[in-house]
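Chains W and D supply the protein sequences, listed in that same order. Heads up, the first sequence is in numbering that gives the first Met the number 0, so the first residue is 0 and it goes up one at a time. Heads up, the second sequence is in numbering that gives the first Met the number 0, so the first residue is 0 and it goes up one at a time.
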Amino acid sequence: MAISSEQILEKLSAVYGENILAHSEPFGMLKIEYKAEIHEELVRTLRDDETLKFRFLTDLCAVHYPDDKGREIAVVCHLHSLENNFRLRLECRISESKPEIASLTTLFAGANWMERETYDFFGINFTGHPDLRRILNVDHMDFFPMLKQYPLEDSSREDKDDRFFGR
Amino acid sequence: MTEQSIYGEDHIKEEEKQYNTLNLGPTHPATHGVFQNVLQMDGEIIMSAEPTIGYIHRAFEKLAEHRPFYQVTPITDRLNYCSAPINNMGWHMTVEKLLQVETPKRVDYMRIIVMELSRIADHLICNSVLGVDAGALTGFTYVFQWRERIYDIFEQMCGARLTTNIGRIGGFERDFSPKVIEMIRAFLKEFPAHFNEFEGLLLRNRIFMDRIIGVGPISAERALSYSFTGHNLRAAGVDYDVRVMNPYSSYQDFDFIIPVGTSGDTFDRFCVRQEEIRQSLKIITQALDNLPEGKFVADCPEFYLPPKKDVYNSMEALIWHFKIVMGEVDLPSGEVYHSVEGGNGEVGYYLISDGGRTPYRLHFRRPCFIYYQAYPEMISGQMLSDAILTMSSMNVIAGELDA
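In structure tokens:
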């Protein structure tokens with residue numbers, strides 16, 4: 000039994016209405032943008048729905064868009080409905096000044112380390128996470144390295160001029 | 000009959016018990032990589048484990064944001080270095096998806112040959128080293144020479160063995176030479192006999208079987224909740240394989256089966272990998288027999304680095320070379336997720352391009368980072384020696400774990 004993008008959107012907009020902000024289908028994968036407040040609830044609906052069955056959390060990560068003021072950080076999840084063989088991308092935006100979003104650890108055991116990694120690199124506070132610590136970087140690091148303001152190399156170096164070679 | 004403690008009447012109560020703390024790793028010879036686990040032990044029994052990872056973290060995602068697309072390939076080598084070509088191919092296909100480049104059938108088939116060869120190498124290491132950890136060293140020496148043969152084939156194809164950086168965006172840097180075909184044919188002919196011997200050495204070995212049956216099990220439900228993929232998920236009984244679910248690189252043309260286990264224990268994981276090696280051999284044979292004629296590269300001069308010979312001799316190739324290297328080519332913007340069935344699970348690439356020279360953001364879905372978090376759950380209540388076997392049977396690769 001296959002499901003379609005329309006079916007998913009219809010179900011979600013019936014429940015969440017205004018909270019679903021946008022949807023698109025870049026390169027053949029349905030992408031839904033929604034307000035961060037409904038993050039956990041929306042994923043729970045997708046997981047527990049009898050026909051949709053998005054019971055597999057493929058991936059969770061974040062992206063930093065520093066120019067998008069007020070909604071700088073995007074939290075992106077990829078869900079997979081194994082039974083319907085349907086992949087879905089979920090995105091919600093939070094602000095850099097208050098990077099807080101609900102944790103998915105109650106829904107998926109595997110979200111634990113994925114969220115720890117996202118916290119480690121982007122400083123996102125996953126509320127309700129049982130053990131939100133750094134995972135790959137050293138514990139005493141006092142910044143979140145994947146944010147765009149941190150350069151890869153020491154910016155005071157003069158021997159490497161990348162002006163002509165892009166960023 | 001009343002139950003009596005073996006420690007007699009004065010046996011301490013559960014809440015007063017004190018456990019021993021044992022530091023397993025980071026550089027324990029039995030863990031094959033930099034893994035640290037702080038174990039709470041009740042005698043020989045593990046009560047809980049606390050893994051610490053990140054010892055060889057190399058900031059690949061940050062690095063990738065500062066490198067042109069074709070220079071990201073060597074980074075992917077160093078994720079799962081036991082099956083580097085699969086990672087390379089996965090990355091090339093991700094970029095091709097973004098660029099909407101159609102590859103010729105010959106490229107697809109060539110890629111499948113390379114990927115399946117590296118899957119065999121990956122599984123051979125994992126299974127033979129599992130034997131070593133259980134004390135059966137002989138099997139390892141039987142098959143390790145065959146891994147060498149696979150690396151010889153890679154060397155003949157691209158000049159490198161372990162971190163191969165094989166292929167390019169759009170296809171391959173050169174066609175398979177007759178020597179390569181000959182080497183693969185010889186491998187297909189000679190390997191199965193030795194492989195069967197290897198399997199007989201372990202699966203007809205009572206001690207080995209006793210050590211691995213029922214060790215480190217996980218249920219299908221828990222495995223799915225932990226986002227397991229690859230042989231670990233299949234050993235638990237879920238027939239999820241990216242090659243079948245979302246066929247890439249013309250996998251739909253091939254006839255092969257997906258082996259599944261039932262209990263998700265070390266024995267099932269071992270058997271699933273053994274069978275996968277046989278299926279990979281079948282796939283390679285089919286690909287080689289039906290290898291289509293044609294070009295070994297897609298028609299995309301704006302992204303494919305031209306051969307050096309042409310750069311020096313043809314104006315057009317020189318222009319493209321210059322444009323690609325200097326980042327003068329316009330890349331499409333957008334976001335794309337592509338995944339391939341790697342040596343140990345679904346290797347995913349989440350690429351966001353803003354049209355710039357380098358990825359705006361690149362996230363690697365690293366299968367063993369995701370399933371290694373289930374390790375404490377899988378080993379608690381087991382013996383210390385079982386923990387070693389569980390880890391080596393899960394095919395956790397430090398490079399991929401720590402990115």
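Yeah, the Cβ is synthetic: ideal placement off N, Cα and C, and Gly gets one too.
- Taking C-beta separations shorter than 6 Å and ignoring five residues to either side along the sequence, the partners of residue 334 of chain D in its chain run 351, following chain order.
- Checking the DSSP bridge columns, you'll see residue 15 of chain W has no partner listed.
- Taking 8 Å as the threshold, the shortest C-beta distance from residue 369 of chain D to chain W falls below it.
- Residue 397 of chain D and residue 341 of chain D have their C-alpha atoms some 15 Å from each other.
- For the segment 189-260 of chain D, the continuous alpha helix (DSSP H) assignments of 4+ residues that do not extend past its boundaries occur at 205-211, 219-224, 229-234, 241-244, in sequence order.
- In this chain, the beta strand (DSSP E) harbouring residue 44 of chain D covers 44-51.
- Between residue 401 of chain D and residue 54 of chain D, the C-beta spacing is below 8 Å.
- Below the 9 Å Cβ cutoff, chain D contributes 334, 336, 349 as neighbours of residue 88 of chain W, in chain order.
- Taking a beta-carbon distance threshold of 8 Å, residue 215 of chain D does not count as an interface residue toward chain W.
- Rounded to whole angstroms, the separation of the alpha carbons of residue 292 of chain D and residue 116 of chain D is 21 Å.
- In the three-state DSSP reduction, residue 344 of chain D falls in the coil class, being neither helix nor strand.
- For residue 42 of chain D and residue 386 of chain D, the gap between their C-alpha atoms comes out near 14 Å.
- Residue contact check for residue 235 of chain D against chain W: no CB pair falls below 8 Å.
- Taking the C-beta atoms as reference points, residue 95 of chain D is found no nearer than 8 Å to residue 358 of chain D.
- Under a 10 Å Cβ-count criterion, residue 205 of chain D is classified as exposed, with fewer than 16 other Cβ atoms of the shown protein chains found around its own Cβ.
- In this structure, D:273 is the residue among D:261, D:251, D:347, D:273 with its C-alpha nearest to the C-alpha of residue 142 of chain D.
- Secondary structure of residue 16 of chain D (DSSP, three-state): coil.
- In terms of Cβ geometry, residue 345 of chain D and residue 228 of chain D form a close pair [threshold 8 Å].
- Collapsing the DSSP output to three states places residue 293 of chain D in coil.
- In the three-state reduction of the DSSP assignment, residue 63 of chain W falls in the strand class.
- Counting along the chain, residue 328 of chain D sits inside no alpha helix (DSSP H), nor does DSSP assign it H or E at all.
- CA-to-CA, the gap between residue 124 of chain D and residue 142 of chain W works out to about 38 Å.
- If one requires a minimum length of 4 residues, the alpha helix (DSSP H) runs lying completely within the segment 364-393 of chain D are 366-370, 374-378, 383-392, in chain order.
- Note: residue 92 of chain W is bridge-paired with W:34, W:73 in the DSSP secondary-structure output.
- According to DSSP, residue pairing for residue 129 of chain D in a beta bridge does not occur.
- Going by C-alpha positions, residue 112 of chain W is about 44 Å away from residue 176 of chain D.
- Look at residue 74 of chain W: its C-beta is not under 8 Å from any C-beta on chain D.
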